[in-house]
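Peer 1: Below you'll find the structure I mean.
Numbering (this note's numbering), first residue to last: 230 to 419.
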């Protein structure tokens, strides 16, 4: 995929890739999909590359033995579960993030679709918490080199090794970013 970095402006459906120098443990080496961005209301996103180590059926009995991984979406509202999926054509009340990618939807219908195996682990991802910014907060962060804005590739949702996503995206963005992605910890501070 050709990653365009045309501007540092953010919008729904874009990725925020943490700059390598970011020290915030919630976002260090994170890739955040912006699910909703409104300059007056704020921004909601989900970290794509942080598994919690939990399975969905460990957190709720609503989906039977559905063996989906649960991801850490961000530091806001960690008592709630969210989901991103590709089933917007069959799951009512889904909100389109970008072509083919949706979040939320009718929870009761989701349970039925999973039970009928119309939604599988390759078409949905569950998150505990989300990444949130108040109105204008993310625009302020963009004035500092905290984030790289890039296009979303739907394949990023279903990587078999999401922990490597940050480095993989930087590698795809070209030599400058690839070199940064290879540095480890203290090397970044020298």
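Here a beta-carbon is modelled for each residue, glycine too, at the ideal position from N, C-alpha and C.
Consult DSSP for residue 371 and reduce its assignment to one of helix, strand or coil.
Peer 2: Within the chain shown, numbered from 1, the residue matching residue 371 stands at position 142. Here residue 371 sits in helix by DSSP.
Peer 1: Using only CA atoms, which one of 385, 365, 378, 281 lies nearest to residue 269?
Peer 2: Residue 269 sits at position 40 when you count from the first residue of the chain shown. Nearest C-alpha to residue 269: 365.
Peer 1: Taking 9 Å as the threshold (C-beta atoms), are residue 356 and residue 402 in contact?
Peer 2: Locating residue 402 in the chain shown gives position 173, counting from the first residue. Locating residue 356 in the chain shown gives position 127, counting from the first residue. The answer is no: Cβ separation not under 9 Å.
Peer 1: Going by the DSSP bridge assignment, what does residue 266 pair with across the sheet?
Peer 2: Looking up residue 266 in the chain shown gives position 37. DSSP output for residue 266 lists 272 as bridge partner(s).
Peer 1: Look at residue 273 and residue 361 and say whether their C-beta atoms are less than 9 Å apart.
Peer 2: Within the chain shown, numbered from 1, the residue matching residue 273 stands at position 44. Within the chain shown, numbered from 1, the residue matching residue 361 stands at position 132. Yes, the Cβ-Cβ distance between residue 273 and residue 361 is below 9 Å.
Peer 1: Is it right to say residue 249 is buried, meaning 16 or more other beta carbons lie within 10 angstroms of its own, or is it exposed?
Peer 2: For the purposes of this step, residue 249 is identified with residue 20 of the chain shown, where counting begins at 1. So residue 249 counts as buried.
Peer 1: Whose C-alpha, out of 346, 318, 257, 392, is nearest the C-alpha of residue 375?
Peer 2: Within the chain shown, residue 375 is the residue found at index 146, counting from 1. Here the closest residue by C-alpha is 257.
Peer 1: What residue does the alpha helix (DSSP H) around residue 277 start on, and which one ends it?
Peer 2: Sequence index remark: in the chain shown, residue 277 carries index 48 (1-based). Element bounds for residue 277: n/a, residue is neither H nor E.
Peer 1: Can you tell me where the alpha helix (DSSP H) holding residue 387 begins and where it ends?
Peer 2: Counted from its first residue, the chain shown places residue 387 at position 158. Per DSSP, residue 387 belongs to no alpha helix (DSSP H) and is neither H nor E.
Peer 1: For a minimum of 3 consecutive residues, which ranges assigned as the beta strand (DSSP E) are wholly contained in the segment 284-323?
Peer 2: Correct list: 298-301, 305-314.
Peer 1: For residue 263, I'd like the list of residues in its chain whose CB is within less than 8 Å of its CB, leaving aside the five on either flank, ordered along the chain.
Peer 2: Here residue 263 corresponds to residue number 34 of the chain shown, with the count starting at 1. Closer than 8 Å at the Cβ level, and outside the excluded window around residue 263, lie 239, 240, 241, 242, 243, 244, 245, 272, 273, 274, 326.
Peer 1: Inspect the beta-carbon positions of residue 277 and residue 312 and report whether they are closer than 9 Å.
Peer 2: Here residue 277 corresponds to residue number 48 of the chain shown, with the count starting at 1. Here residue 312 corresponds to residue number 83 of the chain shown, with the count starting at 1. Result no, Cβ atoms of residue 277 and residue 312 do not sit closer than 9 Å.
Peer 1: Nearest-angstrom Cα distance between residue 297 and residue 247?
Peer 2: In the chain shown, counting from the first residue as 1, residue 297 sits at position 68. In the chain shown, counting from the first residue as 1, residue 247 sits at position 18. If I take the Cα positions, the gap works out to 26 Å.
Peer 1: Going by the beta-carbon positions, is the gap between residue 343 and residue 293 smaller than 9 Å?
Peer 2: Here residue 343 corresponds to residue number 114 of the chain shown, with the count starting at 1. Here residue 293 corresponds to residue number 64 of the chain shown, with the count starting at 1. A contact, by the Cβ cut-off of 9 Å.
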